[in-house]
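K.L.:
Residue numbers (the working numbering): 20 to 697.
This is the structure I have questions about; it appears just below.
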């Protein structure tokens, strides 16, 4: 095997560390929009967090406005892309045509004048979904000259991320202590469909229902007729075949995956039992389920449509939670994911609409390619939804569970729950169960836990659920030999990390925290995201809604204990406060949390801020607010490490008598990244 030059390695390390920092910056855009094909100004519909995403998209490394995956597909034999774009005629590609504005009717006409066929116009994306002739993609013009066109993005295909889980996670403690079972909560399942007549997906009270719209008694058959007055499936939208809402009673599964997912989240346990007679009950058996059939007989357009329907019908259908265990189908090579794909942006829109949204991380770490770190699938790389990793039943990290970073340097996943060997409804039967493993199974389990949180506090928001997860998850230690595959993906992270996220879900504590939230109470810290803080730094902040003489403010660093702050207010209402941090056990990237506590069952939502912790030997600058951004800090560390490596190389070259123009003073301190941070 050819040995790499240490200097080349050093430059590669520097490039790897710097690129995510540059890619993650968002350009300000005071006028969000652009000119359409008719020269008319059109505003954007996409979220502001995605402004100018095309400038640094990880899948357009040569900045030619053509998705690198699309470009790769165009170099493949005809039979490869004809199977990939199975909804397009021969000689056409299925693409997202992305604009710097929300495309208008004039844009549709301009695109179709070039021979394309527009098949869908998303409401929440600045894109058109179209079948585009291959020859005009190859020529790059005049297609790429259309007004406001910023990217041609491969549409691609979706794939699924394939009895003891609930007790092992501690869900049974919530059932026994609080009696919560998800009653009154609605979970939308964006998947392959849900078989509504499976005994494990019927409502728990069906067998007692004997007087709802009963037909006239039959004198020949005197047995009572059971009518499902309160069905588990409350709505059914078919985004694959009919593109319309269908009767809930006709809900079906086009495969088996979606029914399994729905059963984990909200199954009632009817039908087959285990060898010891136990029933395979979902986490929130009292919750309603909405079937959004969006996979996998078509392509990603169906999922965009299904997610859009969920947003549009959030209020009319009472959608509290959406869970989706789908990801982009992988090709022979791995393409980076930075949260900017159309699918990821659409899932950001779902979370932004107020629906508590859970996505699977993917199963690419130990998959066929054994790709390792940086393997979070799209849309699991989306910014706003909660991305779920998978644990085995012994609560160890599953070998297959995808890891971060995202290619723009964000830590993913967000939380981890059991996803291996889960028994849930088998849609091939009306009463059977089967075992499946994957982040597909972990994600609905977390959605079921969220349903218990919503029952405890019907006003809880997506942001509050995410904050509770970040503060109350059980932190898991990261040790190289404990990491399946012996591949540590979190060299600079402590909490969250790229394997477990913020840690292992704690259902009982999550529900307790959700029930205690009082949205009239507010708290904020004087910290900027990714600020550097040192041991014995003072964290200060403000709160509102408190009363004189009642409550206190608590601060927690990483997975440590909650500490009480000092009240600086004049009337004892904790309107201003601070806390002197004590020396930490570990340095690195972490999270600081604060909350205003009035009583055990009344407290503010958690304020969580990402920070860099430094050891007690390092002075904290008293310059401009004593702050340093994460990007500058990491860049400084990187430069020191690179020069140290180059110095070591030069020193070794001298010893061998080799002349080198880059020889540095051998007394240069040889600091590694780990040594500098720790």
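Just so you know, even glycine gets a beta-carbon here, dropped at the ideal spot from N, CA and C.
Mind checking which residues open and close the beta strand (DSSP E) that includes residue 742?
P.N.:
Residue 742 cannot be examined here, being either before or after the span of the chain that is shown, 20 to 697.
K.L.:
Output the distance between the C-alpha atoms of residue 568 and residue 472, rounded to the nearest integer angstrom.
P.N.:
In the chain shown, residue 568 corresponds to position 549, counting from 1. In the chain shown, residue 472 corresponds to position 453, counting from 1. The straight-line gap from Cα to Cα measures roughly 30 Å.
K.L.:
What are the residues that DSSP puts in a beta bridge with residue 407?
P.N.:
Your numbering for residue 407 matches position 388 in the chain shown. Answer is 379 and 434, bridged to residue 407.
K.L.:
How many angstroms separate the CA atom of residue 425 from the CA atom of residue 407?
P.N.:
For the purposes of this step, residue 425 is taken as residue 406 along the chain shown, with counting starting at 1. For the purposes of this step, residue 407 is taken as residue 388 along the chain shown, with counting starting at 1. Answer to the nearest angstrom: the Cα atoms are 14 Å apart.
K.L.:
Mapping the DSSP letters down to three states, classify residue 336 as helix, strand or coil.
P.N.:
Here residue 336 refers to the residue found at position 317 of the chain shown. Residue state, collapsed to three classes: helix.
K.L.:
On the criterion of 16 or more Cβ atoms from any shown chain inside 10 Å, does residue 539 qualify as buried, or is it exposed?
P.N.:
What you label residue 539 is simply residue 520 of the chain shown in a count that begins at 1. Looking at its Cβ environment, which holds fewer than 16 other Cβ atoms inside 10 Å, residue 539 is exposed.
K.L.:
Does the separation of the CB atoms of residue 187 and residue 252 fall below 7 Å?
P.N.:
Position 168 of the chain shown holds residue 187. Position 233 of the chain shown holds residue 252. Contact flag unset, no.
K.L.:
Tell me the DSSP bridge mates of residue 208?
P.N.:
Looking up residue 208 in the chain shown gives position 189. Answer is 310 and 342, bridged to residue 208.
K.L.:
For residue 517, which three-state DSSP category applies?
P.N.:
Here residue 517 refers to the residue found at position 498 when the chain shown is read from its first residue. The answer is coil: DSSP assigns residue 517 none of H, G, I, E or B.
K.L.:
Report the start-end ranges of each beta strand (DSSP E) in the stretch 560–591 that is 3 residues or longer and not cut off at the edges.
P.N.:
For the stretch 560–591, whole beta strand (DSSP E) runs of length 3 or above, ordered along the chain, are 571–576.
K.L.:
Could you name the residues that DSSP lists as bridge partners for residue 95?
P.N.:
To locate residue 95, count along the chain shown from 1; it is residue 76. BP columns for residue 95 are empty, so no partner.
K.L.:
Grab the span of the beta strand (DSSP E) containing residue 463 for me, first residue to last.
P.N.:
Position 444 of the chain shown, counted from the start, is the residue given in the question as residue 463. Per DSSP, residue 463 belongs to no beta strand (DSSP E); it is in the alpha helix (DSSP H), 458–475.
K.L.:
Could you check whether residue 520 and residue 303 sit closer than 7 Å to each other, using their CB atoms as the reference points?
P.N.:
Taking the chain shown and counting its residues from 1, the one referred to as residue 303 is at position 284. Taking the chain shown and counting its residues from 1, the one referred to as residue 520 is at position 501. The answer is no: Cβ separation not under 7 Å.
K.L.:
Give the DSSP-derived three-state secondary structure of residue 299 in the structure shown.
P.N.:
If you number the chain shown from 1, residue 299 lands on position 280. Coil.
K.L.:
Classify residue 177: buried if its beta carbon has 16 or more other beta carbons within 10 angstroms, exposed otherwise.
P.N.:
As a first step, residue 177 is located in the chain shown; it is residue number 158 there, counting from the start. With 16 or more Cβ atoms within 10 Å of its Cβ, residue 177 is classed as buried.
K.L.:
Mind checking which residues open and close the beta strand (DSSP E) that includes residue 596?
P.N.:
Here residue 596 refers to the residue found at position 577 of the chain shown. That run of the beta strand (DSSP E) goes 595–599.
K.L.:
Where does the unbroken alpha helix (DSSP H) through residue 530 begin, and where does it stop?
P.N.:
To locate residue 530, count along the chain shown from 1; it is residue 511. Where residue 530 is concerned, the enclosing alpha helix (DSSP H) stretches over 526–535.
K.L.:
Flag this pair as yes or no: are the beta carbons of residue 296 and residue 221 separated by less than 7 Å?
P.N.:
In the chain shown, residue 296 corresponds to position 277, counting from 1. In the chain shown, residue 221 corresponds to position 202, counting from 1. Their beta carbons are not under 7 Å apart, which means residue 296 does not touch residue 221 by this criterion.
K.L.:
Looking at the secondary structure, which residues open and close the beta strand (DSSP E) in which residue 252 lies?
P.N.:
For this step, residue 252 is matched to residue 233 along the chain shown. 252–257 is the extent of the beta strand (DSSP E) around residue 252.
K.L.:
Since I believe residue 395 is in contact with residue 175 (beta carbons under 8 Å), could you give me their beta-carbon distance rounded to a whole number of angstroms?
P.N.:
In the chain shown, the residue the question calls residue 175 occupies position 156. In the chain shown, the residue the question calls residue 395 occupies position 376. The pair is not a contact, with the Cβ atoms about 16 Å apart (cut-off 8 Å).
K.L.:
Which term fits residue 334, buried or exposed, when burial requires 16 or more other beta carbons within 10 angstroms of its beta carbon?
P.N.:
Looking up residue 334 in the chain shown gives position 315. Classification of residue 334: exposed, given that the 10 Å Cβ count is below 16.
K.L.:
Pull up the distance between the alpha-carbon of residue 207 and that of residue 98, whole angstroms please.
P.N.:
Along the chain shown, read from residue 1 onward, the residue named residue 207 stands at position 188. Along the chain shown, read from residue 1 onward, the residue named residue 98 stands at position 79. Going by the C-alpha atoms only, they are around 36 Å apart.
K.L.:
Closer than 6 Å: is that where the CB of residue 192 sits relative to any heavy atom of the ligand MG?
P.N.:
No copy of the ligand MG occurs in the structure displayed, which carries no ligand at all.
K.L.:
Taking just the CA atoms, how far does residue 476 sit from residue 202?
P.N.:
Here residue 202 refers to the residue found at position 183 of the chain shown. Here residue 476 refers to the residue found at position 457 of the chain shown. If you take the alpha carbons of residue 202 and residue 476, they lie about 12 Å apart.
K.L.:
With distances taken Cα to Cα, identify the nearest neighbour of residue 255 among 281, 287, 218 and 308.
P.N.:
For this step, residue 255 is matched to residue 236 along the chain shown. For residue 255, the nearest C-alpha among the options comes from 308.
K.L.:
Compare the C-alpha of residue 195 against each of 595, 526 and 575 and name the closest.
P.N.:
Here residue 195 is taken as the residue at index 176 of the chain shown, counted from 1. Minimum Cα distance to residue 195 is reached at 526.
K.L.:
Just how far apart, CA to CA, sit residue 105 and residue 317?
P.N.:
On the chain shown, position 86 is the one that residue 105 refers to. On the chain shown, position 298 is the one that residue 317 refers to. Cα to Cα, residue 105 sits roughly 8 Å from residue 317.
K.L.:
Which residue from 68, 50, 63 and 64 puts its Cα closest to that of residue 401?
P.N.:
Start at 1 with the first residue of the chain shown, and residue 401 comes out as number 382. When only C-alpha atoms are compared, the closest one is 68.
K.L.:
Would you call residue 573 buried or exposed, if buried means 16 or more other Cβ atoms sit within 10 Å of its Cβ?
P.N.:
Looking up residue 573 in the chain shown gives position 554. Buried, by the Cβ-count rule.
K.L.:
If you count every other CB in all the chains shown that lies within 10 Å of the CB of residue 167, and 16 or more means buried, which is it?
P.N.:
Stepping through the chain shown from its first residue, residue 167 is reached at position 148. Per the 10 Å Cβ criterion, buried.
K.L.:
By DSSP, does residue 543 sit in helix, in strand, or in coil?
P.N.:
The residue labelled residue 543 in the question sits at position 524 within the chain shown. Residue 543: strand per DSSP, three-state reduction.
K.L.:
Leaving aside the five residues before and after residue 381 along the sequence, list all residues of the same chain whose C-beta is less than 7 Å from its C-beta, in chain order.
P.N.:
In the chain shown, the residue the question calls residue 381 occupies position 362. Closer than 7 Å at the Cβ level, and outside the excluded window around residue 381, lie 180, 346, 394, 395, 396, 399, 421 and 458.
K.L.:
DSSP state of residue 118, grouped into three classes?
P.N.:
Position 99 of the chain shown holds residue 118. Three-state result, residue 118: strand.
K.L.:
State yes or no: is the C-beta of residue 56 within less than 7 Å of the C-beta of residue 126?
P.N.:
Taking the first residue of the chain shown as position 1, residue 56 is located at position 37. Taking the first residue of the chain shown as position 1, residue 126 is located at position 107. The answer is yes: Cβ separation under 7 Å.
K.L.:
What is the rounded straight-line gap between the Cα of residue 300 and the Cα of residue 415?
P.N.:
Taking the chain shown and counting its residues from 1, the one referred to as residue 300 is at position 281. Taking the chain shown and counting its residues from 1, the one referred to as residue 415 is at position 396. Approximately 23 Å between the Cα atoms of the pair.
K.L.:
Thinking just about the alpha-carbon of each residue, which of 443, 137 and 492 is nearest to the one in residue 146?
P.N.:
In the chain shown, counting from the first residue as 1, residue 146 sits at position 127. Measuring from the Cα of residue 146, the nearest candidate turns out to be 137.
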